[in-house]
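Working notes, structure below.
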Amino acid sequence: MVLISDLLLSAVQGLMDGAIASFFIIFLAMIYRYFTNENFPSFIGIILGLGIVGISGGLLAILEQPSIEAIPEIIIASLIIAWAVNTGNKMAGKIPKNVNPIQKILKAKHKGYSKVKLPNARLIYDISGKSRVPEEIKNDLSERELVFPSDLPVEEIESRLKRRLITDWGVGEVEVEFDQNGEITYLAISAREQGLSEGIPKGYAAVPLKCGIMPSGLAPGDIVRIYLKNGGVIEEVEIKGVNNAEKIITVVIKQDKIEKISAQEASLIVVLPYYPMPKVDSIVVKRSGAINEFDLQKLVTSMKDAGLDEESAEHIADNVKSKLSKSTVPISTKKIQDIVVEELEKKNSSIAKKFKKRYKRRK
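Quick note: the sequence shown uses my numbering, first residue 560, plus one each step.
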């Protein structure tokens with residue numbers, strides 16, 4: 560009973576020690592990361608944190624003088640301090656580097672630093688055959704400036720840039736090319752290998768499908784058209800997995816279309832061209848000249864308001880997106896409206912006129 564109470568008291572003391580040390584460690588990690596552009600080491604943070612709260616010897620004390628009562632205090636305090644180090648690194652990474660006065664002074668006096676500016680999110684491409692990163696990461700990287708020593712060769716800057724993107728933003732692979740002036744001319748990234756669930760958008764599902772004929776070299780990330788043996792066709796779906804031995808592929812489709820391929824077998828898989836360009840959802844230019852996001856769901860809602868049923872509206876929206884993906888960016892709202900009206904006229908001419916009238920009224 561005495562031992563249990565001692566362990567509980569030790570655990571509470573560990574929580575208190577970790578909380579006190581975390582304030583100092585977060586601040587220290589932020590300063591280190593902000594000025595060095597490298598993550599503050601967790602091990603060093605734990606040692607310093609334990610020293611701050613007066614735990615003499617830290618983890619080494621347990622090895623020299625084993626004490627069961629001291630173990631919970633050391634472990635709990637160490638876990639909280641490790642969390643504080645990670646939090647400090649993340650907070651410093653969100654601070655804009657282009658307003659750092661210390662870096663400006665260093666650059667002005669010593670000319671020892673140079674900045675590498677990343678491309679706009681629309682020019683950060685996906686690596687063919689690899690899982691794609693979320694748009695949030697591309698937006699976070701968009702036109703961000705990274706600082707490197709100016710005396711480094713291009714090969715070393717390339718290596719450090721890749722390491723920064725992989726370490727700080729959690730991407731899987733990085734492809735980058737520089738011109739003679741040290742400016743980035745091409746940047747492509749892919750997501751880390753992970754489970755299927757994390758890479759599937761809301762409203763979609765990953766479904767296995769048996770294939771009769773499968774193209775050689777088919778890989779995850781390919782966009783394909785699937786011809787089913789019952790005569791059905793599935794347009795532009797993404798491959799998530801390939802089992803060449805069993806001739807089974809895993810594709811991502813809308814959940815309401817699962818029944819269409821349930822218990823079906825594909826007679827032919829056709830790989831479609833890969834367009835290394837940003838998604839349609841973020842490359843629409845308004846009449847004012849500003850570039851805004853194109854909301855596919857908003858388009859579906861507009862067609863439903865004009866009198867179209869939901870299933871037909873989603874089908875037309877998919878066709879519109881497919882056509883826009885082959886267009887030169889940025890795409891004007893006028894062009895989108897023309898394509899939508901064209902698709903609506905195939906379905907219902909009266910609804911097409913109503914939709915067009917609503918669009919003109921918004922002008």
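We treat Cβ as the ideally placed atom computed from N, Cα and C, and that holds for glycine.
Which same chain residues end up closer than 8 angstroms to Pro660 when comparing Cβ atoms and leaving out the 5 residues on each side of it in sequence? With a pLDDT of 48 at Pro660, under the threshold of 50, the modelled position of that residue is not reliable, and the figure given next carries that caveat. Hits under 8 angstroms: none found.
Can you give me the C-alpha to C-alpha distance between Val733 and Arg917, rounded to a whole angstrom? Separation of Val733 and Arg917 (C-alpha to C-alpha, rounded to the nearest whole angstrom) is 45 angstroms.
Counting along the chain, where does the alpha helix (DSSP H) carrying Pro760 start and finish? For Pro760, there is no enclosing alpha helix (DSSP H), since its DSSP letter is neither H nor E.
Tell me the DSSP bridge mates of Thr809? Pro767, Gly800
Distance, Thr646 Cα to Phe594 Cα: 16 angstroms
Report the partner residues of Phe737 according to the DSSP bridge assignment. Ile743
Where Asp840 falls: helix, strand or coil (DSSP): Per-residue confidence for Asp840 stands at a pLDDT of 43, beneath the threshold of 50, marking its modelled position as unreliable; no derived number is given.
Pop quiz: Ile759 and Val811 are said to be a contact at Cβ under 8 angstroms. What is the actual Cβ separation, rounded to whole angstroms? 6 angstroms
Run through DSSP, which three-state label would Pro779 get? coil
Between the C-alpha atoms of Ala580 and Gly608, what's the straight-line distance to the nearest angstrom? 5 angstroms
Quick check on DSSP: helix, strand or coil for Pro631? helix
In angstroms, rounded to a whole number, what distance separates the CA positions of Glu795 and Ile808? Distance between Glu795 and Ile808, taken at the CA atoms: about 14 angstroms.
Excluding sequence positions up to five away, which residues of its chain have a Cβ less than 6 angstroms from the Cβ of Lys769? Ile807, Glu824
Gln739 classed as buried or exposed, judged by whether at least 16 other C-beta atoms fall within 10 angstroms: exposed
Give the straight-line distance between the Cα atoms of Asn907 and Thr892, rounded to the nearest whole angstrom. 22 angstroms
Where does Asp685 fall in DSSP's three states? strand
Can you give the Cα-Cα distance for Ile611 and Ile590, rounded to whole angstroms? Ile611 and Ile590: Cα-Cα distance of roughly 17 angstroms.
Where does Phe599 land, buried or exposed, given buried means 16+ other C-beta within 10 angstroms? Counting of Cβ neighbours within 10 angstroms places Phe599 among the buried residues, the total reaching 16 or more.
Which residues in the same chain have their Cβ closer than 8 angstroms to the Cβ of Lys913, if we skip the five residues on either side of it in sequence? Ala865, Gly866
Backbone CA spacing between Val766 and Val859 [nearest angstrom]: 25 angstroms
Compute the distance between the beta-carbons of Ile639 and Ile683, then report whether it is under 9 angstroms. For the pair Ile639 and Ile683, the CB atoms are not nearer than the 9 angstroms cut-off.
Could you pull the start and end residues of the beta strand (DSSP E) that Glu597 belongs to? No beta strand (DSSP E) holds Glu597; DSSP gives it neither H nor E.
Out of Asp699, Ile910, Ser687, Leu700, which has the shortest C-alpha to C-alpha gap to Glu797? Ser687
Let's see if you can read the secondary structure: which residues bound the alpha helix (DSSP H) around Lys674? No alpha helix (DSSP H) contains Lys674, which is instead part of the beta strand (DSSP E) from 672-676.
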